[in-house]
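No gaps in the numbering here: position 64 of the sequence shown is 64 in the UniProt record's numbering, and each next residue is one more. Step one of this worksheet: look at the structure below.
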Amino acid sequence: MDYLSSEEDNPNILDMDFKKYQFIKFLLDDSSIREQFLGILPKEVFSSEKYHLMDIESCQVNMSPGKWLLRYLGNSGGRVSDLIYWFHKINLERALIYLKEEEPLLIIEQPEPDINVNEGERFSITCKASGYPHPEYQWLKNNQELLLEGEEQVLSFPCAKVEDSGIYVCKVFKRNADSSINVLLSDPATVEVLPCISSNLAGFSRQNSDQEQPNSIRTDLDSFQNKPKKFYEQNILSTNCPESEKIVIVKQPRSYGKVAQGSILWFKCIARASHPVNYQWYRNGRLLDEQTSTKLLVDELYPDQDTGNRKFQFFCKVYNEYDEVMSDFATVELSESDEKTKYVAEEKIAFLIANDKYEAYEEDLVTPAVDVVDLAKLLKSINFKVIVFRNLKLREMISAFQAFCRLLRTGSYAVVFFAGHGYECYGQTYLQPIDCSENLLPEESICTEYILQQMQETRPALIVLLIDACRKRPPELGNAQIEVYDASMGNNTVYGYATF
């Protein structure tokens with residue numbers, strides 16, 4: 001039958017996946033769906049005579065109408081592609097989801113990152129995605145879902161209002177046949193609707209400074225009085241600029257007050273001028289590299305790693321070849337950390353040693369290598385970089401550990417695991433390399449307190465030190481000199497033993 005597909009990779013209706021077959025049969029057993037489906041079938045495929053035959057035979061052989069119809073179409077040479085074509089014609093998405101191959105969800109057009117419009121203007125935000133089942137869209141403003149009549153890929157604003165300003169994100173999702181849902185979030189679009197400003201603002205000068213001025217102008221002048229002298233002097237240079245060339249900041253960055261550690265903060269500074277302007281953001285007086293747009297995203301703010309300071313001031317310098325002004329300070333203070341504080345590792349790295357073949361001992365240890373392999377798999381599953389060594393001598397252990405410390409960065413998560421022989425002496429734990437003697441001598445071992453001390457100097461966010469070794473005490477050491485290490489056990493340190 002020439003109206004049917006004959007592609008080799010396109011199975012006959014009767015040969016399709018059993019679950020798909022059962023679901024399509026279930027749909028066609030619904031009389032309303034079946035009537036729509038039969039209504040678009042060509043007469044040469046399904047005539048009125050066949051309609052009556054379906055009613056009669058399905059009753060005689062105790063077969064549902066949907067099953068009879070699929071059997072008839074399959075025996076006539078119908079293929080899955082034909083079902084897809086016919087279900088497309090009646091726009092039955094429930095059937096198509098089961099029959100068509102899934103296509104991955106991809107965002108093919110991201111929203112514009114910065115949209116600055118004047119009050120009353122028309123604008124739109126667009127996010128387009130591809131995939132099958134067809135993507136659906138949900139727009140969010142400042143993390144709140146927008147209740148729209150139609151969730152479309154274009155969010156339109158026929159007449160911009162100041163309250164339309166905000167951060168917009170599009171949530172794109174795809175409902176799959178197995179009931180799973182794929183979700184993607186678009187890049188944020190920062191919308192700034194600039195209020196209408198009367199023309200006399202640009203003419204503000206010292207000559208009319210005694211006259212009553214709009215509140216926004218008086219607020220800007222007051223804010224300059226509260227700035228350090230060096231910033232005030234930079235802005236006072238603006239008075240030497242012709243009024244027509246001056247930069248006016250119409251949107252100041254706002255202060256947040258006290259916020260939780262790990263908060264994500266947005267600051268915005270918008271200026272108007274007769275010539276293009278540049279932006280440069282600062283934190284506590286220090287220039288922030290590559291932060292040269294109207295907005296500043298502070299991703300997960302924590303106390304200063306060097307000073308522990310929890311108070312921050314952000315401001316923006318706006319300038320061009322004619323003028324230069326500073327924004328107001330936006331102040332932020334971080335609250336004390338608590339059990340709800342969210343921490344994010346700069347890097348996660350683990351250092352694992354399994355020593356099981358000791359030169360001075362007749363019997364090999366059984367479990368170190370197995371334990372290290374199991375732990376390495378677990379750590380890799382949570383995105384740790386894992387360094388594994390087996391059967392290291394003293395010099396090799398020291399060199400390997402020093403190399404590991406050089407890899408650590410401030411804010412890292414660091415895990416050290418040792419499985420092998422060890423002992424305890426004067427309150428310190430010692431790990432034995434494979435070339436040690438039976439005498440339990442500190443000079444033939446590496447001290448865990450030394451390891452901890454070296455790791456703390458890199459200021460990691462978290463240290464996990466796990467030791468699977470004996471803690472037996474050595475015999476009297478006589479006049480041996482024992483170095484005691486000052487290893488602080490801060491609130492970022494976890495020290496664990498598996499020993500006997």
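For glycine and all other residues, C-beta sits at the position ideal for the given N, C-alpha and C.
Residues in the same chain with beta-carbon distance under 7 Å from residue i, minus the five sequence neighbours each way, listed in chain order, please.
i: Arg254; result: Ala330
i: Glu109; result: Thr126, Cys127, Lys128
i: Lys251; result: Glu192, Lys268, Cys269, Ile270
i: Arg94; result: Leu27
i: Leu379; result: Ala350, Val386, Val415
i: Ala177; result: Ile97, Tyr98
i: Ser274; result: Ser244, Glu245
Leaving out the 5 sequence neighbours to the left and right, which residues in its chain are closer than 6 Å to residue i when beta-carbon positions are compared?
i: Lys89; result: Ile40
i: Val416; result: Phe351, Leu465
i: Ile33; result: Leu27
i: Asn142; result: Gly166, Ile167
i: Lys230; result: Because Lys230 sits at a pLDDT of 38, beneath the cut-off of 50, its placement in the model cannot be relied upon, and the following sentence gives the value as read from the coordinates. There are no such residues.
i: Asp20; result: First, the residue type needs correcting, since residue 20 is Lys and not Asp in the sequence shown. Only Tyr98 meet the Cβ criterion.
i: Lys67; result: Lys25
i: Asn491; result: none
i: Thr493; result: Ile463
i: Gln432; result: His421, Gly422, Ser445
In angstroms, rounded to a whole number, what distance separates the CA positions of residue i and residue j?
i: Val318; j: Gly262; result: 28 Å
i: Ile24; j: Glu152; result: 29 Å
i: Pro442; j: Gln428; result: 10 Å
i: Ser216; j: Tyr322; result: For Ser216, the pLDDT reaches just 35, beneath the cut-off of 50, and the residue's location in the model is therefore unreliable, although a value from the coordinates is still provided. Spanning the two alpha carbons is a distance of roughly 23 Å.
i: Lys258; j: Ser335; result: 6 Å
i: Leu288; j: Val332; result: 16 Å
i: Pro276; j: Glu245; result: 10 Å
i: Asp210; j: Gln138; result: Legend: pLDDT at Asp210 = 39, less than 50; position of this residue unreliable, value from coordinates given subsequently. Distance between the alpha carbons of Asp210 and Gln138: 51 Å.
i: Asp374; j: Ala260; result: 37 Å
i: Thr410; j: Glu112; result: 35 Å
i: Asp17; j: Leu69; result: 17 Å
i: Leu184; j: Leu140; result: 13 Å
i: Pro439; j: Tyr430; result: Looking at the sequence provided, one finds Asn at residue 439 rather than Pro. Roughly 13 Å between the two C-alpha positions.
i: Leu392; j: Glu363; result: 17 Å
i: Phe315; j: Cys447; result: 48 Å
i: Leu92; j: Ile56; result: 27 Å
i: Ser186; j: Glu449; result: 48 Å
i: Leu38; j: Glu49; result: 12 Å
i: Thr190; j: Glu300; result: 19 Å
i: Lys174; j: Tyr497; result: 48 Å
i: Arg283; j: Glu119; result: 31 Å
i: Tyr256; j: Ile249; result: 19 Å
i: Ser47; j: Leu53; result: 10 Å
i: Tyr302; j: Ala461; result: 11 Å
i: Asn320; j: Asn278; result: 6 Å
i: Pro195; j: Leu147; result: 25 Å
i: Ile84; j: Ala376; result: 48 Å
i: Val484; j: Glu396; result: 22 Å
i: Asn12; j: Val45; result: 15 Å
i: Met280; j: Gln291; result: Residue identity check: residue 280 is Gln in the sequence provided, not Met. When rounded, the distance between both Cα atoms is 6 Å.
i: Asn182; j: Ala160; result: 33 Å
i: Asp164; j: Pro188; result: 15 Å
i: Ser31; j: His134; result: 26 Å
Please check the pair residue i and residue j, which I expect to be a contact at CB under 8 Å, by giving their CB distance rounded to whole angstroms.
i: Cys269; j: Ser180; result: At roughly 43 Å, the Cβ-Cβ gap does not stay under 8 Å, so Cys269 and Ser180 are not in contact.
i: Lys348; j: Tyr413; result: 4 Å
i: Phe401; j: Ile451; result: 6 Å
i: Val80; j: Leu99; result: 6 Å
i: residue 503; j: Val366; result: No information on residue 503 is available, as it lies outside the stretch 1 to 500 that the chain covers here.
i: Ala360; j: Arg390; result: The pair is not a contact, with the Cβ atoms about 17 Å apart (cut-off 8 Å).
i: Ile107; j: Val154; result: Their Cβ separation, rounded to whole angstroms, is 14 Å, which puts Ile107 and Val154 out of contact at 8 Å.
i: Ile247; j: Val169; result: With 8 Å as the limit, Ile247 and Val169 do not qualify as a contact, their Cβ atoms being about 30 Å apart.
Got a sec? Which residues, its chain only, sit under 8 Å from residue i by beta carbon, not counting five neighbours each side?
i: Glu101; result: Tyr132
i: Pro158; result: Arg122
i: Lys311; result: Thr331, Val332, Glu333, Leu334
i: Phe87; result: Phe37, Ala95, Leu96, Leu99
i: Glu103; result: Ser130, Gly131, Tyr132
i: Ile382; result: Lys348
Comparing the C-beta of residue i with each C-beta of chain C, is any distance below 8 Å?
i: His134; result: The structure shown contains no chain C, having only a single protein chain.
Open item on the list: With a threshold of 8 Å, are at least 3 pairs of Cβ atoms found where one atom belongs to the segment 73–81 and the other to the segment 122–135?
Closed with: With a cut-off of 8 Å, the segment 122–135 and the segment 73–81 do not count as touching, because too few Cβ pairs lie within range.
Task: Any 3 or more C-beta pairs closer than 8 Å across the segment 464–474 and the segment 417–432 - done: The count of Cβ pairs closer than 8 Å, one atom from the segment 464–474 and one from the segment 417–432, reaches three, so the stretches are in contact.
Open item on the list: Please give me, in chain order, every unbroken run of the beta strand (DSSP E) with length at least 3 that falls completely inside the segment 417–493.
Closed with: Listed in chain order, the complete beta strand (DSSP E) runs (minimum 3 residues) inside the segment 417–493 are 422–425, 428–431, 462–468.
TODO: Would you check if the segment 293–309 and the segment 352–359 touch, i.e. whether three or more CB-CB distances between them fall below 8 Å?
DONE: Result no; under three Cβ-Cβ pairs closer than 8 Å.
Task: the segment 442–462 contacting the segment 290–298, beta-carbon criterion three pairs below 8 Å - done: No contact exists between the segment 442–462 and the segment 290–298.
- [ ] Quick one: which unbroken alpha helix (DSSP H) runs of 4-plus residues sit fully inside the segment 35–111? Chain order, please.
- [x] Taking only runs of at least 4 residues, the alpha helix (DSSP H) segments lying wholly in the segment 35–111 are 48–60, 65–75, 80–89, 93–99.
Open item on the list: To test your reading of the DSSP string, which unbroken beta strand (DSSP E) runs of 3 or more residues are found completely within the segment 291–343?
Closed with: Taking only runs of at least 3 residues, the beta strand (DSSP E) segments lying wholly in the segment 291–343 are 295–301, 311–319, 324–326, 330–334.
Open item on the list: Give the list of continuous beta strand (DSSP E) stretches no shorter than 3 residues that lie fully inside the segment 108–166.
Closed with: Here the runs fully enclosed are 114–118, 123–126, 128–132, 136–141, 154–157.
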